[in-house]
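Chains A and B supply the protein sequences, listed in that same order.
Just so we're on the same page, the working numbering is the position in the first sequence counted from 1, plus 3.
Position 31, counted from 1, in the second sequence is what the working numbering calls 22; the numbers after and before it change by one each time, with no gaps.
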Amino acid sequence: MESEGKLLDGLKAGEPAAFEAFVQAQGPRLLAVTRRLLRNDEDARDAVQDAFLSAFKSIGGFEGASRLGTWLHRIAINAALMKLRTRRRKPERSIEEFLPTYLDDGHHVDRPQPWAESGEAGAIRAETRQLVRSSIDELPEDYRNVLILRDIEELDTAETAELLGISIGAAKVRLHRARQALRTILDPHFRESAA
Amino acid sequence: MSMDCKDLAEFLMSYLDGELTDAQRAEFEAHLVICPSCIDYIESYERTVRLEKECESEPSCAMPDELVRAILAARKKPEPNS
């Protein structure tokens, strides 16, 4: 992309206008991802600042194998994950509490029920959005992070595993468990009988 | 050996991602023929994934001016011990 090439040249040359344009263009997306991971505005802003400063330092070595925005997105995720690691964890429930349980014969203890049609073709209602977000926040952090990186930030499994320092197999298992747990949390709100 | 509801839940993501062998896929689908509860489970699992994607994929938030200024100012600061 020509404009990205010019921007990159400006950044490598240390032009102040290029840095400002870079921050203005990429900042909103970075703030969105750091907020998703950190759920705290102040920490999210700090992570965005850390990400830009880290990118500025290494921009000279950026060779354009990936898009500038993709590269920066990964740096911001890393900055947010580093902040999460240093933050004291809130007490959280075990993932097992959210997973389906089975009888000895392999059938569900609590038989799944159909979910009501949402009637939300088009825009999702604000209350549904809030419900889903607060339900994601109930997930244990190790599972929530995988869900955000894979399903929402759309990183592939290998990238997710690398950023989290886990194996590809573990990333797959955590993603499936996180989705199952989220389904369990949302279930009472969406069952036809609850609608 | 036939699949039960527990096996189906374990294999669900691999099934949806098209990662099962032909034999596993056949067993998975044979279970679905006899188990409406598992069909409900799969549908609610898929709906969960759609909901999380839709609810979190808000247009990116505005970048506060003071944060832009702070980042640009921090860039100009000399590194400690450099």
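Here a beta-carbon is modelled for each residue, glycine too, at the ideal position from N, C-alpha and C.
Chain-ordered chain B contacts of residue i [CB-CB under 9 Å]
i, result
"histidine 110(A)", "Asp(-5), Cys(-4), Lys(-3), Cys26 and Ser28"
"glutamate 144(A)", "Here the premise fails: no neighbours, minimum Cβ distance about 16 Å."
"threonine 73(A)", "The contacting residues do not exist; threonine 73(A) stays about 15 Å from chain B at best."
"isoleucine 139(A)", "Glu43, Cys46 and Glu47"
Reduced DSSP secondary structure (H/G/I, E/B, other) of residue i
i, result
"histidine 111(A)", "strand"
"arginine 70(A)", "coil"
"arginine 96(A)", "coil"
"arginine 42(A)", "coil"
"arginine 194(A)", "strand"
7 Å Cβ cutoff met for residue i and residue j
i, j, result
"alanine 16(A)", "alanine 50(A)", "no"
"glutamine 29(A)", "leucine 75(A)", "yes"
"tryptophan 118(A)", "arginine 38(B)", "yes"
"aspartate -2(B)", "proline 115(A)", "no"
"alanine 173(A)", "leucine 150(A)", "no"
"glutamate 18(B)", "methionine 54(B)", "no"
"alanine 79(A)", "leucine 14(A)", "no"
"isoleucine 171(A)", "alanine 161(A)", "yes"
"phenylalanine 25(A)", "isoleucine 62(B)", "no"
"glutamate 99(A)", "proline 143(A)", "no"
"arginine 136(A)", "cysteine 46(B)", "yes"
Proximal residues of chain B, C-beta to C-beta of residue i below 7 Å
i, result
"arginine 48(A)", "Leu58"
"phenylalanine 55(A)", "Ile62"
"valine 135(A)", "Leu42, Glu43 and Cys46"
"valine 26(A)", "Val59, Ile62 and Leu63"
"arginine 114(A)", "Ser28"
Below-7 Å beta-carbon distance, residue i vs any chain A residue
i, result
"alanine 21(B)", "no"
"alanine 14(B)", "no"
"tyrosine 6(B)", "no"
Closer than 8 Å at the beta carbon, the chain B residues around residue i
i, result
"threonine 131(A)", "Leu42 and Cys46"
"valine 149(A)", "Here the premise fails: no neighbours, minimum Cβ distance about 12 Å."
"aspartate 190(A)", "Ser35"
"glutamate 23(A)", "Val59 and Leu63"
"arginine 39(A)", "Glu47"
Minimum Cβ-Cβ distance from residue i to chain B less than 7 Å
i, result
"glycine 30(A)", "yes"
"arginine 182(A)", "yes"
"aspartate 154(A)", "yes"
"arginine 186(A)", "yes"
"glutamate 7(A)", "no"
"histidine 76(A)", "no"
"isoleucine 127(A)", "yes"
"arginine 42(A)", "no"
Where residue i meets chain A, residues with beta-carbon distance less than 8 Å
i, result
"alanine 17(B)", "Here the premise fails: no neighbours, minimum Cβ distance about 18 Å."
Taking beta-carbon pairs under 8 Å, can you tell me which members of the segment 34 to 64 of chain B lie near chain C? Judged by its chain identifiers, the structure shown contains no chain C, and its protein chains are A and B.
Every unbroken alpha helix (DSSP H) inside the segment 13 to 65 of chain B [4 residues or more]: 13 to 25 and 27 to 47
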